[in-house]
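Undergrad: Input: one structure, supplied below.
Protein chains: 2
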Amino acid sequence: MSTPSHRFITTAEALKEEHKGRTNHWLCHAEVCGAKDIQICRATLPAGEGHGFHTHPELEEVIYVLEGEVEQWVEREHRVLKPGEVAHIPKGVVHATFNPTAKDAVILAVLSPAVFTGPFAVDVSDEEPWRSLRG
Amino acid sequence: MSTPSHRFITTAEALKEEHKGRTNHWLCHAEVCGAKDIQICRATLPAGEGHGFHTHPELEEVIYVLEGEVEQWVEREHRVLKPGEVAHIPKGVVHATFNPTAKDAVILAVLSPAVFTGPFAVDVSDEEPWRSLRG
């Protein structure tokens, strides 16, 4: 496989992914720019939607809020994060991001590495204690 | 050394660094949250200032523009990047970021890994061809 050589990536070059009626943009990804260690996805969470409880068994993650507010969970702790605020999620740690507001929220999800072998994510939203955590 | 346990990081918890009259914020860093693979610094470049040509011998980097515009170089190529646009800089590759506009530009610098042994950066701005590249 030849390595893509893009060094500058705009929305046009990003890898697109539809999620709950919005388009997420992978601005840094192995398939976009040959990244080895860093993945960056700009994701929009519509009002009332979110990314349920899950883990990334092989990836560390940072969530950076760009617009709006999110209810961010890391294990049993949660916080409302505003633009410019961050959550750090060590490899394999259960986490979730919800948008409890009335308007879209936009986040950057930064993940490392960009090349890995196992599943990207494991959904644990149907398992306790995560299923009952938001009450 | 005990590992810091902060999972949620705001400007208040970030590691601060003064640079050319502005405060940069390390929102994800080994010393802030025990990060192993991801570092994130929100950096402000005043009008006419920048980060001259350098390498990170052990780190891959992504620049994500938050506000304003920057003149981003990756080796001999450059592009004006606007908010939401990205540059990907493989490990060891020479790069630079300048703000040629009349107002502050704000970028996120994402680097991986967060734990490494050698120097963070090597300045090559006095060496050719980098010294003469901007003409």
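Here the protein sequences come in this chain order: A and B.
For the record, in the first sequence the residue sitting at position 98 is 98 according to this note's numbering, with numbers rising by one throughout.
For the record, in the second sequence the residue sitting at position 121 is 1121 according to this note's numbering, with numbers rising by one throughout.
We put the CB at the ideal spot given by N, CA and C, even for glycine.
Please read these numbers as outputs of a predicted model, since none were measured by experiment.
1) Is the beta carbon of B:A1109 closer than 8 Å to that of B:I1063?
2) What does a CB cutoff of less than 8 Å around A:V124 pick up in its chain, not counting 5 residues either side in sequence?
3) Can you give me the start and stop residues for the alpha helix (DSSP H) that B:V1032 sits inside?
4) Mark B:A1014 as exposed unless 16 or more other C-beta atoms lie within 10 angstroms of its C-beta, in which case mark it buried.
5) Taking 8 Å as the CB-CB cut-off, is B:T1010 touching chain A?
6) Among the residues of its own chain, which have a CB less than 7 Å from the CB of B:H1006, if the five just before and after it don't count?
7) Out of A:Q72, A:A121 and A:A87, which has the shortest C-alpha to C-alpha gap to A:T101?
8) Residues of chain B with CB closer than 9 Å to the CB of A:D104, please, in chain order.
9) Are any of the Cβ atoms in chain B nearer than 8 Å to that of A:R137?
10) For the candidate residues A:A35, A:L45, A:C28 and A:I89, whose alpha-carbon lies nearest to that of B:K1036?
11) Note the first and the last residue of the continuous beta strand (DSSP E) segment covering A:K16.
12) Is it buried or exposed, A:R76, if we count other Cβ atoms within 10 angstroms and call 16 or more buried?
13) Taking only the alpha-carbon atoms, compute the straight-line gap between A:A114 and A:D104 and give it to the nearest angstrom.
TA: Answer, in terms of the structure:
1) Annotated as proximal: B:I1063 and B:A1109, with beta-carbon spacing under 8 Å.
2) Same-chain partners within the cutoff: F53, H54, T55, V94 and W130.
3) Run containing B:V1032: A1030 to C1033, per the alpha helix (DSSP H) assignment.
4) Burial state of B:A1014 is buried, judged by a 10 Å Cβ sphere holding 16 or more other Cβ atoms.
5) Answer yes: the Cβ-Cβ gap between B:T1010 and chain A drops below 8 Å somewhere.
6) Here B:H1006 has E1013, V1032 and C1033 as same chain residues with Cβ atoms under 7 Å from its own Cβ, once five neighbours each way along the sequence are excluded.
7) Among A:Q72, A:A121 and A:A87, the Cα nearest to that of A:T101 belongs to A:Q72.
8) Within 9 Å Cβ-Cβ: nothing; A:D104 doesn't reach chain B, min ~15 Å.
9) The structure shown does not extend to residue 137 of chain A, since chain A is modelled only from 1 to 135, so the question has no answer here.
10) Considering only A:A35, A:L45, A:C28 and A:I89, the residue with the shortest C-alpha distance to B:K1036 is A:I89.
11) Start and end: L15 to H19.
12) Classification for A:R76: exposed.
13) When the Cα atoms are used, A:A114 and A:D104 turn out to be separated by approximately 27 Å.
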